[in-house]
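One structure is given here, and the rest of the page talks about it.
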Amino acid sequence: MDEIEDVWAKIDRAAFLLESERVLLDHAHRRVLAETALAREDNPPFDQSAVDGYALSAIDETSFLCEEITAHAGDAPQAVLRSGMARRVLTGGVVPSGTQAIVMQEHCELRDGRVFLNQPCKQGSFLRHAGAIWKKQDVILEQNNQIDAAAIGLLAAAGVTAPSVRLQPRVVHWVTGNELYRGDGPLPAGAIRDSNGPLLRALLDAAGAQITQYSLRDDGAALTASVTQAQADILIISGGAGHSERDHARAALLGANFEILIDGVNSRPGKPLIFGQKGSALAFGLPGNPLSQWVCYHVFVKRALHRLLGLPVPELREARLGSALRDRGDGRKSWQPARLTCGLDGLMAHPLAWQHSGDLTQLPQTDALILAEGNAEWASGELVKILPISMIPSAR
Ligand code: AMP
Ligand code: MG
28 MDEIEDVWAK
38 IDRAAFLLES
48 ERVLLDHAHR
58 RVLAETALAR
68 EDNPPFDQSA
78 VDGYALSAID
88 ETSFLCEEIT
98 AHAGDAPQAV
108 LRSGMARRVL
118 TGGVVPSGTQ
128 AIVMQEHCEL
138 RDGRVFLNQP
148 CKQGSFLRHA
158 GAIWKKQDVI
168 LEQNNQIDAA
178 AIGLLAAAGV
188 TAPSVRLQPR
198 VVHWVTGNEL
208 YRGDGPLPAG
218 AIRDSNGPLL
228 RALLDAAGAQ
238 ITQYSLRDDG
248 AALTASVTQA
258 QADILIISGG
268 AGHSERDHAR
278 AALLGANFEI
288 LIDGVNSRPG
298 KPLIFGQKGS
308 ALAFGLPGNP
318 LSQWVCYHVF
328 VKRALHRLLG
338 LPVPELREAR
348 LGSALRDRGD
358 GRKSWQPARL
368 TCGLDGLMAH
378 PLAWQHSGDL
388 TQLPQTDALI
398 LAEGNAEWAS
408 GELVKILPIS
418 MIPSAR
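Heads up, the final residue of the sequence shown is numbered 423 in this note's numbering, and it's a clean run with no missing numbers.
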């Protein structure tokens with residue numbers, strides 16, 4: 028049985044970075060930036076008004092003759108503002124050269140063609156200078172970032188209309204088990220509901236993969252035929268990774284000419300994990316228990332996906348236990364779901380209670396997996412290793 032670190036090393040050796048392609052920004056959500064994005068022009072592109080008000084030609088006067096033109100947002104740049112004059116400008120409008128400050132319309136009055144200030148105005152007030160946020164060719168977003176909604180907004184503002192992104196990993200996922208029911212009705216006798224199918228679909232979707240999913244009964248020949256035909260960067264078989272007469276993942280991978288690199292790992296949950304390779308295609312056989320699936324996805328499959336995509340791989344970190352933790356202390360390394368907080372003592376991991384590897388009730392609150400190794404008991408406050416699942420909260 029291999030150690031968790033051996034599996035990681037084998038994944039790292041077997042997984043190759045995917046090629047890149049250009050996609051329209053509207054299709055770039057969740058894709059990984061393959062090339063550092065640079066600003067196409069200055070931002071703001073011109074001196075811009077931050078408010079509805081008046082451009083002033085001086086700051087040491089209290090009234091100005093108001094010109095008859097207005098600089099609305101979107102209007103072409105207008106003539107120079109002459110000395111002694113003010114000009115109406117609206118938010119986002121091009122500020123004329125010769126402007127010393129902008130006064131908000133709430134802070135002045137327009138009477139008989141003159142603008143009277145109600146309060147003094149500071150040099151440059153409400154004036155957004157061209158290039159103050161970024162200059163043309165500035166780095167906007169480094170490569171190897173996954174593009175989320177915030178990044179989409181940023182790239183759009185920078186004129187990156189077709190970013191270069193990694194190809195989507197093609198993932199084929201087989202959900203296997205005679206007992207699985209995917210219908211809408213009451214459960215047939217002896218059946219359970221399929222949670223791994225929807226769970227992995229959502230996890231893979233969030234990672235930016237292109238997913239094809241099949242549901243199969245425990246039929247070795249059908250699984251082997253399907254796995255043999257699959258065109259994928261990553262193949263995942265859920266269920267059937269064990270050694271019973273109903274477990275067909277191993278035989279299907281061997282039948283499809285995969286080399287099995289890992290067959291069992293010192294990990295609880297996750298012991299029956301299978302990892303294989305055929306050329307650039309990687310394959311995982313995952314134990315069917317839903318919590319095992321979830322753990323194996325985060326500990327192993329996600330690492331492979333991140334290697335293909337050029338994303339940083341999830342790394343172990345340290346945290347203090349928020350409460351005592353018990354484990355069996357039988358030499359098996361265990362993953363314990365935990366909620367993270369960040370206080371004055373740094374990162375704290377609060378173990379969440381779960382009954383067995385079919386129990387998903389704590390997952391919505393889980394931020395990290397504690398790696399429990401060696402001991403049978405840890406006291407509150409002890410340092411432990413964790414694998415973060417979600418973003419780590421920062422100290423405030
Ligand atoms: P297996 O790895 O196929 O031996 O399955 C181990 C346990 O996980 C069994 O109790 C299965 O019923 C359960 N299981 C397998 N696949 C799923 C699934 N897709 N959804 C929920 N439970 C499952
Ligand atoms: Mg099964």
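For every residue, glycine included, the Cβ atom is placed at its ideal position computed from N, Cα and C.
These numbers come from a predicted model, not from an experiment.
Note that the C-beta distance between Phe-43 and Ser-307 is below 8 angstroms. Its chain contains Leu-60, Ala-61, Glu-62 and Thr-63 as the residues whose beta carbon lies nearer than 7 angstroms to that of Gln-170, once the 5 sequence neighbours on both sides are disregarded; these appear in chain order. Per DSSP, Leu-367 is one residue of the beta strand (DSSP E) stretching across 361 to 370. Under the criterion of beta carbons closer than 8 angstroms, Ile-416 and His-325 qualify as touching, at roughly 6 angstroms. Ranked by Cα distance from Ser-407, the options Val-34, Arg-353, Pro-190 and Leu-348 are led by Leu-348.
C-alpha of Met-375 to C-alpha of Ser-222: approximately 30 angstroms in a straight line. In this structure, DSSP gives Val-254 a helical state, which the three-state scheme calls helix.
Going by DSSP, Asp-290 is part of the beta strand (DSSP E) stretching over 286 to 290.
DSSP places Val-34 inside the alpha helix (DSSP H), whose first and last residues are 31 to 41. In the structure shown, His-54 falls within a helical segment according to DSSP collapsed to helix, strand and coil.
Residue burial is scored here from C-beta neighbours: Arg-141 has fewer than 16 other C-beta atoms within 10 angstroms and is therefore classed as exposed.
Note that the C-beta distance between Arg-366 and His-383 is not below 8 angstroms. Distances from the CB of Arg-344 to the heavy atoms of the ligand MG are all 7 angstroms or more. Between Asn-402 and Gly-356, the C-beta spacing is below 8 angstroms.
Straight-line spacing of the CA atoms in Ile-261 and Leu-181 works out to 31 angstroms.
When C-beta atoms of the segment 82 to 92 are compared with those of the segment 49 to 58, fewer than three pairs fall below 8 angstroms, so the two segments do not count as touching. The nearest non-hydrogen atom of the ligand AMP is less than 7 angstroms from the C-beta of Pro-314. In terms of Cβ geometry, Leu-65 and Ile-167 form a close pair [threshold 8 angstroms]. Under the DSSP assignment, Leu-313 falls in the beta strand (DSSP E) whose first and last residues are 308 to 313.
By DSSP's assignment, Ser-191 forms a beta bridge with Arg-49.
For Ile-179, the uninterrupted alpha helix (DSSP H) run begins and ends at 176 to 184, by DSSP.
Counting only unbroken stretches of 3 or more residues, the beta strand (DSSP E) elements lying wholly within the segment 293 to 343 are 301 to 305 and 308 to 313, in sequence order. Taking each of Gly-151, Thr-251 and Phe-302 in turn and checking the Cα distance to Asp-39, the smallest one comes out for Phe-302. Spanning the alpha carbons of Gly-370 and Gln-258 requires a straight line of approximately 47 angstroms. Under the 10 Å beta carbon count, Arg-115 is surrounded by 16 or more other beta carbons and is classified as buried.
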